[in-house]
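*Asks:* The structure that follows is given in the form of structure tokens.
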Amino acid sequence: MLAGGPAAAGGYSGSAHGDATGGVNRASTAALGYAVGNCAHCHEMHASMKGMEPDPAGGGPSVLALFAAEEAVCYYCHGTTSHNTPPLSRDVEAQFAKTYRHPVERAGRHLVSTLEHGADLDAANRHAECADCHNPHTIGKPGTAYHQYNSAAPADNNLVSNLLLGAWGVEPTWPGAAWTVPTTFTELRPTPAAPAAGVQKEYQLCLKCHSYYAFGSAENTGTGVTSVSNVSGEYVLTDQALEFAPGNKSGHPVVVTLNNRTASDAPRALVASKNGPRLKAPWSAAVGDQTMWCSDCHGDDAAAAPEGPHGSNTRYMLAEGYTWPVRPDTGKFWTLGDVKNDQGSWPTRLLCAKCHPIKNNGKFLNQVHDKGDHQDKYTFGTIQYQGAPCVSCHVAVPHGSKRGRLIAYSSDPDPYAAFQADGTKMPTLLGFRKSSNPDQYDKKNCYSTVKACDDHKDYNPPYDP
Numbered sequence: 001m002l003a004g005g006p007a008a009a010g011g012y013s014g015s016a017h018g019d020a021t022g023g024v025n026r027a028s029t030a031a032l033g034y035a036v037g038n039c040a041h042c043h044e045m046h047a048s049m050k051g052m053e054p055d056p057a058g059g060g061p062s063v064l065a066l067f068a069a070e071e072a073v074c075y076y077c078h079g080t081t082s083h084n085t086p087p088l089s090r091d092v093e094a095q096f097a098k099t100y101r102h103p104v105e106r107a108g109r110h111l112v113s114t115l116e117h118g119a120d121l122d123a124a125n126r127h128a129e130c131a132d133c134h135n136p137h138t139i140g141k142p143g144t145a146y147h148q149y150n151s152a153a154p155a156d157n158n159l160v161s162n163l164l165l166g167a168w169g170v171e172p173t174w175p176g177a178a179w180t181v182p183t184t185f186t187e188l189r190p191t192p193a194a195p196a197a198g199v200q201k202e203y204q205l206c207l208k209c210h211s212y213y214a215f216g217s218a219e220n221t222g223t224g225v226t227s228v229s230n231v232s233g234e235y236v237l238t239d240q241a242l243e244f245a246p247g248n249k250s251g252h253p254v255v256v257t258l259n260n261r262t263a264s265d266a267p268r269a270l271v272a273s274k275n276g277p278r279l280k281a282p283w284s285a286a287v288g289d290q291t292m293w294c295s296d297c298h299g300d301d302a303a304a305a306p307e308g309p310h311g312s313n314t315r316y317m318l319a320e321g322y323t324w325p326v327r328p329d330t331g332k333f334w335t336l337g338d339v340k341n342d343q344g345s346w347p348t349r350l351l352c353a354k355c356h357p358i359k360n361n362g363k364f365l366n367q368v369h370d371k372g373d374h375q376d377k378y379t380f381g382t383i384q385y386q387g388a389p390c391v392s393c394h395v396a397v398p399h400g401s402k403r404g405r406l407i408a409y410s411s412d413p414d415p416y417a418a419f420q421a422d423g424t425k426m427p428t429l430l431g432f433r434k435s436s437n438p439d440q441y442d443k444k445n446c447y448s449t450v451k452a453c454d455d456h457k458d459y460n461p462p463y464d465p
């Protein structure tokens, strides 16, 4: 029951670990004649391994008859030193030594003899053992790539990869009202009759820890902000089921496609600008009819590292060295001036640029971004910027928003409205209305009292609430 469900022989023998050709083959057990994929490469029944293995963690036996405890059993083959035959190159152990990571080091919190539920993942029990995300008995064989864009069925881009088959998760009961916390969930678990059942979409795995299902009383259900901090204690966690809910005005298409976002005002998808499409390939095809993974944005900061959100040295566990909302070389927020003047290596460091071109042939792909006064000098608190900071208009947690196009208001709480390094809150908009065309925004579409935005004298309510 390592992954919260019984091991089924049929499931295991067809899994990546149980495969008779390319399955697990730990060197010390292979020397004793055990076949590739044999259960005894991980489980030691009746002390049959002749004392050849490391002492059990803590000096006591494993309740699962494993040769090591928790993540250590995985590191033995997927670690800095691989004891598999042949050695494996996927060093996951190094990923969990990074600053921003899932907390596998929190030992003794993962339940292995009973099924875990939300209370077992709450503020007091936060943990992320390997078996919380991977079912070692049903894990699929890696394909040619961890995740490939599904051009034949782009709405299915959020389906789980082979590496997550058989893991358990939750599907929220999505509220009809916008920006409302889901508080009821359906648990999705594998069974002996269906060992590869469980999560079918990647977000269902993530939400068992990053939603009210786990946060419970640690969450303010009015705001979605919790009292739970990340591993390094730098910021508090928010309810991602709230942020990605299909009934919100805007959000990245993790749960549903943009065209299926029920409360969104038209146009729901990103209409192309006169200067070009606003998404990079392959996302520039089937715009509005595609979904995505959480791990399209979250993962290792090094492109050649093992895929998946194990750990990263960039804040929020962002993938491939991308950063948000702070420019890493200056410690200030990214700004439109940075993009206009090609500062800070923004095409490879600003998270938005991973999927969004932002400008083409020197021209912005959104008229608002190209306004000259948005390139002026701004001073907020004690910090001066060249150009309007991205978070002076957009939410600092860019999963979803109450308003179209991920817009933030000054009334939004931390961390949705960002705070600067000097402790002052970044002022944002007081009103916004989405335009039907990115080339047709004018001063009537937004309002703020912040200089120089306070010259929008002809603002024209109603705006998004």
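For the sequence shown, our numbering assigns the number 1 to the initial residue and increments by one for each residue that follows. Glycine included, each C-beta is placed from N, C-alpha and C at the ideal position.
#1: Please check the pair residue 100 and residue 231, which I expect to be a contact at CB under 8 Å, by giving their CB distance rounded to whole angstroms.
#2: Report the CB separation of residue 351 from residue 323 in whole angstroms; it is logged as a contact under 8 Å.
#3: Can you list, in chain order, the residues of its chain whose CB lies under 6 Å from that of residue 265, leaving out five sequence neighbours each side?
#4: Could you tell me the distance, in whole angstroms, from the CA atom of residue 3 to the CA atom of residue 66?
#5: Would you identify the three-state DSSP class for residue 130, choosing helix, strand or coil?
#6: So what's residue 3 in DSSP terms, helix, strand or just coil?
#7: In the structure shown, what three-state DSSP assignment does residue 13 receive?
#8: Entirely within the region 156–181 and at least 3 residues each: give me those beta strand (DSSP E) ranges in chain order.
#9: Got a sec? Which residues, its chain only, sit under 6 Å from residue 387 by beta carbon, not counting five neighbours each side?
#10: Could you have a look at residue 318 and say whether DSSP puts it in helix, strand or coil?
#11: Hey, quick one: how far does the alpha helix (DSSP H) through residue 185 stretch, first residue to last?
#12: Kindly indicate which three-state DSSP category residue 8 falls into: helix, strand or coil?
#13: Rounded C-beta distance between residue 349 and residue 328? I'm assuming under 8 Å.
#14: Can you tell me whether DSSP reads residue 204 as helix, strand or coil?
#15: Grab me the residues of residue 75's own chain with a C-beta within less than 6 Å of its C-beta, minus the 5 sequence neighbours each way, in chain order.
#16: Could you tell me which residues DSSP pairs with residue 64 in its beta bridges?
#17: Helix, strand or coil for residue 354? Go by DSSP, reduced to three states.
#18: Counting Cβ pairs closer than 8 Å, one from the region 232–240 and one from the region 194–214, do we hit at least three?
#19: My output table needs one value for residue 367: the three-state DSSP class, helix, strand or coil.
#20: Kindly indicate which residue of 446, 364, 321 has the alpha-carbon position closest to the one of residue 342.
#21: With a 10 Å radius around its C-beta and 16 neighbouring C-beta atoms as the bar for buried, classify residue 82 as buried or exposed.
#22: Taking only runs that begin and end inside the region 270–334, name each unbroken alpha helix (DSSP H) of 4 or more residues, in chain order.
#23: Between residue 248 and residue 436, how many whole angstroms is the CB-CB distance? I'm expecting something under 8 Å.
#24: Going by C-alpha to C-alpha distance, which of 418, 305, 333 sits closest to residue 321?
#25: Could you check how far apart the C-beta atoms of residue 11 and residue 196 are, in whole angstroms? I think they sit under 8 Å.
#26: Under the rule that 16 or more other beta-carbon atoms within 10 Å means buried, what is residue 462, buried or exposed?
#27: CA-CA distance, residue 182 and residue 174?
#28: Report the residue from 150, 165, 126, 233 whose alpha carbon sits nearest the alpha carbon of residue 135.
#29: Residue 259 by DSSP, collapsed to three states: which one?
#30: Which whole-angstrom value describes the C-beta separation of residue 419 and residue 385, a residue pair presumed to lie in contact below a C-beta threshold of 8 Å?
*Replies:* In terms of the structure at hand:
#1: Indeed they touch by this definition, with Cβ atoms about 7 Å apart.
#2: 6 Å
#3: 404, 434
#4: Reliability fails at residue 3, whose pLDDT of 41 lies under 50, so the model's placement of it is uncertain and the value that follows must be treated cautiously. Their backbone Cα atoms lie some 13 Å apart in a straight line.
#5: helix
#6: Confidence at residue 3 is low in this model, with a pLDDT of 41, below 50, so its placement is unreliable and the value that follows should be read with caution. The answer is coil: DSSP assigns residue 3 none of H, G, I, E or B.
#7: Residue 13: helix per DSSP, three-state reduction.
#8: 169–172
#9: 335, 336, 337, 375
#10: strand
#11: In the DSSP annotation of this structure, residue 185 is not part of any alpha helix (DSSP H); the continuous beta strand (DSSP E) holding it starts and ends at 185–188.
#12: Residue confidence for residue 8 is low, a pLDDT of 47 falling below 50, so the modelled location carries little weight and cannot support an answer.
#13: About 7 Å separates the two Cβ atoms, so the contact holds.
#14: helix
#15: 93
#16: Partner residues in a beta bridge of residue 64, as assigned by DSSP, do not exist.
#17: Note: residue 354 maps to helix in three-state DSSP.
#18: yes
#19: Taken through DSSP and simplified to helix, strand or coil, residue 367 comes out as coil.
#20: 364
#21: Result: buried.
#22: none
#23: Beta-carbon to beta-carbon, residue 248 and residue 436 are separated by about 20 Å, too far to satisfy the 8 Å threshold.
#24: 305
#25: 6 Å
#26: exposed
#27: 6 Å
#28: Checking every option, the nearest Cα to that of residue 135 belongs to 165.
#29: helix
#30: Actually they do not touch by this definition, with Cβ atoms about 15 Å apart.
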